[in-house]
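In the UniProt record's numbering, the protein residues as written are 1 to 502. First up is the structure itself, then whatever we jot down about it.
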């Protein structure tokens with residue numbers, strides 16, 4: 001007779017053969033296992049059986065009596081330029097862990113060859129060798145904790161960095177005022193192709209205007225200069241004969257006309273944009289873009305390529321303004337102020353700043369500090385003061401920062417002393433009082449929350465192996481070789497010591 005099912009049951013076979021009954025595992029009795037349960041083996045010392053399912057340990061509910069854990073450090077990875085990106089092998093992406101594979105999770109695929117590695121995970125050890133990792137320690141302040149939470153949200157939602165080449169004023173930067181002005185002209189050409197005349201060509205230098213208008217302007221200038229003689233001025237050996245009054249007047253008019261022609265030719269060949277012209281171009285951007293809450297009709301109805309051209313138009317303007325400021329600093333014998341701007345996907349959330357958080361604004365910049373970025377369309381008061389923008393920017397476009405997001409700005413310029421910060425504030429208030437009827441309508445002098453400067457949220461960890469033992473100049477020189485930003489992520493690490501915040 002064939003054996004019954006009960007003969008094959010393990011426990012009944014043990015009883016039939018006279019063997020002692022094995023102890024049941026604590027997992028089968030419903031007891032909570034310790035961290036040893038992650039390996040699949042029961043935590044009980046008297047149990048030799050493996051648990052049927054590996055589960056993480058159950059956490060006890062928080063009773064509110066333990067101190068809060070410190071904020072996690074933020075790591076910012078930057079990769080080299082296009083040449084470094086082309087050298088990236090396609091097998092450098094981190095592989096999935098065995099536990100993740102056993103649970104059926106899909107294994108992360110390596111990035112295609114030629115792309116910058118920018119995974120949003122928490123493992124920074126598997127970054128490619130062409131990637132520079134910088135670690136920042138958040139300040140122990142509520143606004144810094146909110147910023148870390150905003151970065152975490154972007155990680156979880158898959159909202160990456162939108163503009164990955166916003167590195168300003170680093171050594172060996174190939175961008176020049178002429179090349180950036182050409183980029184501005186290219187953006188204007190795209191905008192005018194979508195809606196003719198939306199940005200006046202008069203705001204651009206003659207050398208950067210579209211071909212038809214440039215040809216018409218050249219023909220008009222030639223018609224005005226027709227019949228003007230070419231005068232070659234030489235120093236005679238003998239004194240020239242006396243000329244009549246009419247001849248002298250004719251000669252002066254001829255020389256003045258030639259001088260005007262030469263000046264017009266120099267202006268036509270120049271691609272330089274003054275700060276006044278940049279203010280006018282930025283005004284056009286504000287009108288065409290509108291606010292984030294209420295976009296302008298042009299931006300709302302434009303196709304994505306035109307919207308991108310408008311955003312690039314604004315970024316090129318700010319880059320050229322930065323080049324002008326750095327040239328002025330070098331002329332005064334001062335060091336440049338390199339910085340990295342991290343701007344996430346436009347879909348990232350923006351939340352208002354509280355009154356207590358507004359008190360953290362400061363104009364004193366420190367090397368390696370991370371500040372909240374200005375996430376508003378328009379200009380804040382300090383930017384208005386730096387650009388000396390009195391006429392172009394209207395009252396509706398002056399917007400002090402009242403909101404925050406995950407966007408940040410990493411400052412790598414020289415630290416500002418207390419005396420320099422006080423002098424900067426004094427110069428600003430003198431500028432603000434110069435025309436009270438106009439400027440007080442933007443922000444009253446008696447209002448304390450002027451939102452001057454920026455809010456610090458983190459500091460560079462100079463003990464990280466990537467920059468340990470380097471001076472400020474050496475750190476800047478090393479970052480200069482990595483001009484494309486990969487990611488800004490939060491890495492859990494509870495044992496890191498925090499830097500005292502503001």
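Note that the Cβ used here is the ideal one computed from N, Cα and C, for glycine as well. Since we're looking at a predicted model, the values are computed, not measured.
Our contact map puts residue 289 next to residue 372 with C-beta atoms below 8 Å; I'd like the distance itself, whole angstroms only.
With 8 Å as the limit, residue 289 and residue 372 do not qualify as a contact, their Cβ atoms being about 21 Å apart.
On the DSSP letters alone, give me the boundaries of the alpha helix (DSSP H) that residue 326 sits inside.
304 to 331
Could you tell me the boundaries of the beta strand (DSSP E) in which residue 200 lies?
In this chain, residue 200 is not harboured by any beta strand (DSSP E), its DSSP state being neither H nor E.
With burial defined as no fewer than 16 other Cβ atoms inside 10 Å of the residue's Cβ, what is the status of residue 332: buried or exposed?
exposed
Quick one: grab the DSSP three-state call for residue 136.
strand
Would you please state the rounded distance, in angstroms, between the beta carbons of residue 421 and residue 139? I believe it to be under 8 Å.
Not a contact, Cβ separation roughly 18 Å.
Use the C-beta contact count for residue 479: other C-beta atoms within 10 angstroms, 16 or more gives buried, fewer gives exposed.
buried
Cβ separation of residue 504 and residue 277, assumed to be a contact under 8 Å, to the nearest whole Å
It is not possible to answer for residue 504, since the shown part of the chain is limited to 1 through 502.
Do residue 461 and residue 135 have their C-beta atoms within less than 8 Å of each other?
yes
So, are the CB atoms of residue 357 and residue 142 less than 8 Å apart?
Yes, the pair counts as a contact, with Cβ atoms nearer than the cut-off.
With C-beta atoms as the reference, is residue 456 less than 8 Å away from residue 362?
Between residue 456 and residue 362, the C-beta spacing is below 8 Å.
Short CB-CB distance (under 8 Å) between residue 451 and chain D
Here chain D cannot be found, since the structure has a single protein chain.
Look at the alpha carbon of residue 470 and the alpha carbon of residue 432, and state the distance between them as a whole number of angstroms.
41 Å
In three-state terms, what does DSSP make of residue 356?
helix
For residue 426, the three-state DSSP class (helix, strand or coil)
helix
Can you tell me where the beta strand (DSSP E) holding residue 340 begins and where it ends?
Unbroken beta strand (DSSP E) run through residue 340: 339 to 342.
Just reading off the beta strand (DSSP E) that residue 286 is part of, what are its end residues?
Note, residue 286: premise wrong, no beta strand (DSSP E); alpha helix (DSSP H) at 275 to 289.
Cβ separation of residue 409 and residue 339, assumed to be a contact under 8 Å, to the nearest whole Å
Indeed they touch by this definition, with Cβ atoms about 6 Å apart.
Would you check if the stretch 307 to 323 and the stretch 183 to 197 touch, i.e. whether three or more CB-CB distances between them fall below 8 Å?
Per the Cβ contact rule, the stretch 183 to 197 is in contact with the stretch 307 to 323 (3 or more Cβ pairs under 8 Å).
Can you tell me whether DSSP reads residue 295 as helix, strand or coil?
strand
Helix, strand or coil at residue 179 according to DSSP, with G and I counted as helix:
helix
If distances are taken between C-alpha atoms only, which option among 330, 405, 162, 279 comes closest to residue 350?
405
Count the other CB atoms, across all protein chains shown, that sit within 10 Å of the CB of residue 336; report buried if there are 16 or more and exposed otherwise.
buried
Alpha carbon of residue 327 to alpha carbon of residue 150, nearest angstrom
35 Å
Quick check on DSSP: helix, strand or coil for residue 456?
Here residue 456 sits in strand by DSSP.
How would you write the range of the alpha helix (DSSP H) that residue 152 sits in, first residue to last?
142 to 157
Which residue's Cα is closest to the Cα of residue 416: 137, 364, 322, 209?
364
Give the range of the beta strand (DSSP E) segment to which residue 473 is assigned.
Careful: residue 473 lies outside any beta strand (DSSP E), inside the alpha helix (DSSP H) at 472 to 479.
Work out the CA separation of residue 168 and residue 194 for me, nearest whole Å.
30 Å
Between the C-alpha atoms of residue 182 and residue 201, what's the straight-line distance to the nearest angstrom?
Their backbone Cα atoms lie some 13 Å apart in a straight line.
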